[in-house]
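Heads up, the sequence shown is in the working numbering, so the first residue is 38 and it goes up one at a time. Even glycine gets a Cβ: it sits at the ideal position worked out from N, Cα and C. These notes are about the structure you will find just below.
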Amino acid sequence: MKKIALLGHGVVGSGVMEILEKNQPVLVRQAGDGVEAAHVLDRRTFPGLAYGDRFTGDFSVIRDDPEVSVVVEALGGVEPAFTWARESILAGKSFVTSNKELVAAKGDELLALAAEKGVWFLFEASVGGGIPILQPLRESLTANRVVAVAGILNGTTNFILTRMFADGMAFGDALAEAQSLGYAEADPTADVEGHDACRKICILASIAFGSHFHPQEVHTQGITRIGPRDVAWAGRWGGSIKLIGRARRTAEGRAALEVSPMLVPGDCLLSRVDGVFNAVQVTGDMVGTTLFYGPGAGKLPTASAVVGDVITALTQPAGSRPVPWGPKKEGLLQPWEESAARAMLRVAGLAPDALETFFPGCRLLGAEEGETALITAAATQGELDAALDAARAAGGNILSRITVLDQ
Ligand code: HSE
Numbered sequence: 038m039k040k041i042a043l044l045g046h047g048v049v050g051s052g053v054m055e056i057l058e059k060n061q062p063v064l065v066r067q068a069g070d071g072v073e074a075a076h077v078l079d080r081r082t083f084p085g086l087a088y089g090d091r092f093t094g095d096f097s098v099i100r101d102d103p104e105v106s107v108v109v110e111a112l113g114g115v116e117p118a119f120t121w122a123r124e125s126i127l128a129g130k131s132f133v134t135s136n137k138e139l140v141a142a143k144g145d146e147l148l149a150l151a152a153e154k155g156v157w158f159l160f161e162a163s164v165g166g167g168i169p170i171l172q173p174l175r176e177s178l179t180a181n182r183v184v185a186v187a188g189i190l191n192g193t194t195n196f197i198l199t200r201m202f203a204d205g206m207a208f209g210d211a212l213a214e215a216q217s218l219g220y221a222e223a224d225p226t227a228d229v230e231g232h233d234a235c236r237k238i239c240i241l242a243s244i245a246f247g248s249h250f251h252p253q254e255v256h257t258q259g260i261t262r263i264g265p266r267d268v269a270w271a272g273r274w275g276g277s278i279k280l281i282g283r284a285r286r287t288a289e290g291r292a293a294l295e296v297s298p299m300l301v302p303g304d305c306l307l308s309r310v311d312g313v314f315n316a317v318q319v320t321g322d323m324v325g326t327t328l329f330y331g332p333g334a335g336k337l338p339t340a341s342a343v344v345g346d347v348i349t350a351l352t353q354p355a356g357s358r359p360v361p362w363g364p365k366k367e368g369l370l371q372p373w374e375e376s377a378a379r380a381m382l383r384v385a386g387l388a389p390d391a392l393e394t395f396f397p398g399c400r401l402l403g404a405e406e407g408e409t410a411l412i413t414a415a416a417t418q419g420e421l422d423a424a425l426d427a428a429r430a431a432g433g434n435i436l437s438r439i440t441v442l443d444q
């Protein structure tokens with residue numbers, strides 16, 4: 038029996054235990070032996086569980102058990118996860134995590150340490166829940182220079198937007214439903230304000246560009262300001278609004294990263310990704326555009342990705358794949374103000390003629406209920422900021438500004 042240990046018995050951790058229990062024959066076939074969690078670390082106790090006697094509150098029990106070769110972490114948060122990741126790796130154990138906050142903050146350090154110690158640091162579950170995306174990006178698409186990655190990377194917000202706009206549900210009720218289904222973060226602010234999606238696009242971009250991106254440096258906007266009027270205009274334009282994380286390679290070879298609600302054209306498959314599903318669109322210079330789709334959150338989908346990594350760590354020699362990324366490269370990230378896009382605007386207080394002078398080349402969508410909606414011509418975000426300031430100075434009230442996801 039191969040022995041692993043589990044840090045955290047929440048939604049994902051209990052899912053890992055369920056897969057170990059239910060799919061043991063599959064694991065035996067893949068790993069050549071059974072796989073058992075010898076220790077489960079959690080502050081809480083679960084006396085009713087068949088494996089209730091394996092719980093511990095002491096990480097050193099896991100670190101110092103020579104039979105444990107893989108430590109799985111599903112705690113969330115940077116600490117104590119980072120300290121325990123370092124200690125596990127330094128003790129010669131592979132470390133598998135679903136914790137995107139940890140990977141986005143400390144991925145470069147932990148990858149370097151794991152390479153030095155000859156063990157794995159794996160985190161497929163940190164992006165896209167059950168969707169295999171990181172390994173395909175690292176391996177199957179390795180012949181490509183990645184031109185762009187754009188995705189619906191947060192199941193909770195996609196679930197909320199779908200429930201609000203397909204079913205007319207109130208934001209708070211939809212969020213409560215997502216929480217009860219185990220999709221949301223412990224503090225759902227990270228979901229609705231876009232921070233979770235930002236961590237995930239940083240991980241994807243770090244693989245695509247080979248260097249670490251820090252979430253705090255990436256322009257991030259959540260879904261809390263999206264309302265029914267935005268959706269009504271989006272529908273008339275022929276698209277929908279989705280929270281998108283995007284990383285693009287610019288003509289100068291820089292990386293343009295952002296997270297924001299975007300107007301997605303109806304002919305883009307991302308516009309039809311609903312509910313808790315995630316989808317990641319990867320465009321490579323050789324392959325063209327590919328799409329990875331599946332359940333982006335939830336107990337068993339996320340645990341499925343975790344256990345896949347466990348099997349890799351148990352069966353394949355560490356170092357058989359190149360280290361996916363190194364430290365941050367100064368100057369690689371393009372300032373958001375310099376990135377170019379079209380935008381949908383809703384403006385009150387200015388006549389359509391006036392709007393055409395502030396936003397030359399724009400396309401008016403229509404005017405009703407005291408507001409005008411338009412699609413601007415492509416401009417940098419900095420140029421658009423200046424045009425919006427000028428429109429405000431002339432008495433315009435900017436009700437919303439939503440970037441268009443142009444392909
Ligand atoms: N809260 C996250 C989401 C969980 O809703 O996508 C999966 O990372």
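Please report how far the alpha carbon of residue i lies from the alpha carbon of residue j, in whole angstroms.
i, j, result
"M381", "P302", "12 Å"
"T93", "G345", "24 Å"
"E367", "E254", "12 Å"
"I170", "P361", "13 Å"
"V107", "L306", "38 Å"
"C235", "L280", "10 Å"
"A73", "T287", "Per the sequence presented here, residue 73 reads as Glu, with Ala not at that position. Between E73 and T287, the C-alpha separation is close to 47 Å."
"S308", "G276", "7 Å"
"E138", "D101", "26 Å"
"E289", "E375", "12 Å"
"M206", "R200", "6 Å"
"E230", "I126", "33 Å"
"R182", "L148", "22 Å"
"V296", "Q371", "14 Å"
Go through its chain and collect everything with a Cβ distance to residue i's Cβ below 8 Å, but skip five positions before and after it.
i, result
"A45", "What sits at residue 45 in the sequence shown is Gly, not Ala. Once the five neighbours on either side are set aside, the close Cβ partners of G45 are L78, D79, E110, A111, L112, G113."
"P225", "T193, L212, A215, Q216"
"A414", "R379, F396, P397, G398, C399"
"A242", "V186, F250, A284, A292, L294"
"K154", "I126, L127, G129"
Near residue i, which residues of its chain fall below 6 Å by C-beta distance, leaving aside the five closest residues on each side in sequence?
i, result
"P364", "D145, H249"
"G407", "A385"
"L425", "I435"
Could you tell me if residue i is buried or exposed, where buried requires 16 or more neighbouring beta carbons within 10 angstroms of its beta carbon?
i, result
"V63", "exposed"
"E116", "exposed"
"D233", "buried"
"N434", "exposed"
"D457", "Lying outside 38 to 444, the shown extent of the chain, residue 457 is not represented and no answer is given."
"K59", "exposed"
"P332", "buried"
"G325", "exposed"
"D322", "exposed"
"A87", "exposed"
"G50", "buried"
"G282", "buried"
"E405", "exposed"
Do the CB positions of residue i and residue j come within less than 8 Å of each other?
i, j, result
"L411", "L401", "yes"
"V53", "V343", "yes"
"A203", "D311", "yes"
"G188", "A316", "yes"
"H438", "E176", "The question names His, but residue 438 in the sequence shown is Arg. No, they are not a contact pair."
"I278", "P298", "yes"
"L174", "I244", "yes"
"V184", "T320", "yes"
Looking only at its own chain, which residues have a Cβ that is under 7 Å from the Cβ of residue i, when we skip the five neighbours before and after it?
i, result
"K130", "V105, S106, V107, V108, V156"
"F208", "I197, M201"
"A141", "R236, C239, I240, P252"
"V347", "I41, V72, V107, V109, V133"
Would you say the beta carbon of residue i is closer than 7 Å to some non-hydrogen atom of the ligand SAM?
i, result
"D228", "The ligand content of the structure shown is limited to the ligand HSE, which means the ligand SAM is not among them."
Enumerate, from N- to C-terminal direction, the unbroken alpha helix (DSSP H) stretches of 4 or more residues contained entirely within the stretch 388-439. 389-395, 418-430
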